[in-house]
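Sequential numbering of the sequence shown, starting at 1, is according to full-length UniProt numbering. Note that the Cβ used here is the ideal one computed from N, Cα and C, for glycine as well. Report on the structure given below.
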Amino acid sequence: MNQESIELIQNYYDAFNAGDMDTFLNLLTDDVIHDINQGKREIGKDAFGQFMGGMNRNYKEQLADMVIMATEDGKRAAAEFVVLGEYLQTDEGLPPANGQKYRLPAGAFFEIRDNKVARITNYYNLNDWIAQVGA
């Protein structure tokens with residue numbers, strides 16, 4: 001496994017957990033591709049920053065139990081983790097928010113270029129999340 005790529009992804013998630021959006025976004029290429037779980041594909045650091053702004057308004061999340069893997073050439077990586085969250089503000093098309101807490105297994109796949117994240121594809125079970133916050 002490529003240690004440089006593993007460290008990049010670890011830094012990416014460390015910045016996320018610290019709420020350090022400047023560092024978080026600086027680890028992305030300008031033309032980053034973001035495949036949103038069960039959603040559309042967005043391209044560009046600005047679009048990703050706007051997405052994260054909405055996420056940070058509606059959710060308070062920490063990622064735990066992180067396992068990161070990378071290919072030997074460092075061009076691809078994957079992470080598996082648990083999202084420990086709180087639903088703060090109702091997100092469009094989703095159940096009403098009232099501070100519900102959730103614990104959600106998740107994963108992500110990455111393409112890496114020039115020691116930056118060039119693509120991120122996130123996966124989690126939306127039905128599981130809805131069952132946790134909709135009760």
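Among Arg-103, Glu-4, Phe-110 and Met-55, which has the Cα closest to the Cα of Gln-63?
Residue 63 sits at position 63 when you count from the first residue of the sequence shown. Inspection of the sequence shows that residue 63 is occupied by Leu rather than by Gln. Ranking the options by Cα distance to Leu-63, first place goes to Arg-103.
Are three or more beta carbon pairs between the region 47 to 58 and the region 14 to 33 nearer than 8 Å?
yes
Measure the beta-carbon distance from Gly-85 to Tyr-59 and round it to whole angstroms, keeping in mind my assumption that it falls under 8 Å.
Start at 1 with the first residue of the sequence shown, and residue 85 comes out as number 85. Start at 1 with the first residue of the sequence shown, and residue 59 comes out as number 59. Sure, about 5 Å apart at Cβ, within 8 Å.
Could you check which residue in Ile-112, Glu-92 and Arg-57 has the C-alpha nearest to that of Ala-77?
Position 77 of the sequence shown holds residue 77. The option with the nearest alpha carbon to Ala-77 is Ile-112.
Using the three-state DSSP reduction, which class does Gln-100 fall into: helix, strand or coil?
The residue given as residue 100 occupies position 100 in the sequence shown. Looking at Gln-100 - three-state DSSP - the assignment turns out to be coil, as it is neither helix nor strand.
In angstroms with no decimal places, state the Cα-to-Cα distance between Lys-116 and Ala-79.
The residue given as residue 116 occupies position 116 in the sequence shown. The residue given as residue 79 occupies position 79 in the sequence shown. Between Lys-116 and Ala-79, the C-alpha separation is close to 15 Å.
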